[in-house]
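Visitor:
Residue numbers (my numbering): 106 to 197.
(1) Residue ranges of each alpha helix (DSSP H) run of no fewer than 4 residues wholly in the region 106-149, ordered along the chain?
(2) Quick check on DSSP: helix, strand or coil for residue 174?
(3) Which word fits residue 155, buried or exposed, when buried means at least 16 other C-beta atoms lie within 10 angstroms of its C-beta?
(4) Looking at C-alpha atoms only, which residue of 139, 175, 165 is the closest neighbour of residue 150?
(5) Helix, strand or coil for residue 159, going by three-state DSSP, please let me know.
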C-alpha cells in the first residue's frame with residue numbers, strides 16, 4: 106500500500122499512529138521527533154494523498170487498502186470472498 110500511494114517509511118509510521126488515534130505530541134514521543142516535525146509530516150501526507158484532515162486520511166487509506174485487495178495482481182488477499190468471486194450485490 107505504501108508503494109501504491111508513494112508513502113515514505115516515516116509517512117507510513119505516521120499513518121499507523123493516526124490509526125492508533127495518537128496525538129501529534131504522542132506521535133512525536135513515540136517516534137523520537139519533535140511535534141512540529143510530526144505536524145510537517147502530517148501536512149505533507151495530507152497534500153500527497155489529497156485529503157484535508159485525519160478523518161479523510163483514514164478513509165483514503167482504507168479505500169486504497171480495499172482497492173488493492175480487489176486487484177487481481179495484488180499480493181493482498183481479498184477482504185471479502187464474495188466480492189472477489191463476483192457474488193457481491195454491491196460490486197461495481
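Idealized CB from N, CA, C, for every residue including glycine.
Guide: Based on what the coordinates show:
(1) 107-110, 114-124, 129-136
(2) As a working note, residue 174 is residue 69 in the chain shown. Here residue 174 sits in helix by DSSP.
(3) Residue 155 sits at position 50 when you count from the first residue of the chain shown. With fewer than 16 other Cβ atoms within 10 Å, it is exposed.
(4) As a position in the chain shown, residue 150 is number 45, starting the count at 1. Measuring from the Cα of residue 150, the nearest candidate turns out to be 165.
(5) Translated into positions along the chain shown, residue 159 becomes position 54. Here residue 159 sits in helix by DSSP.
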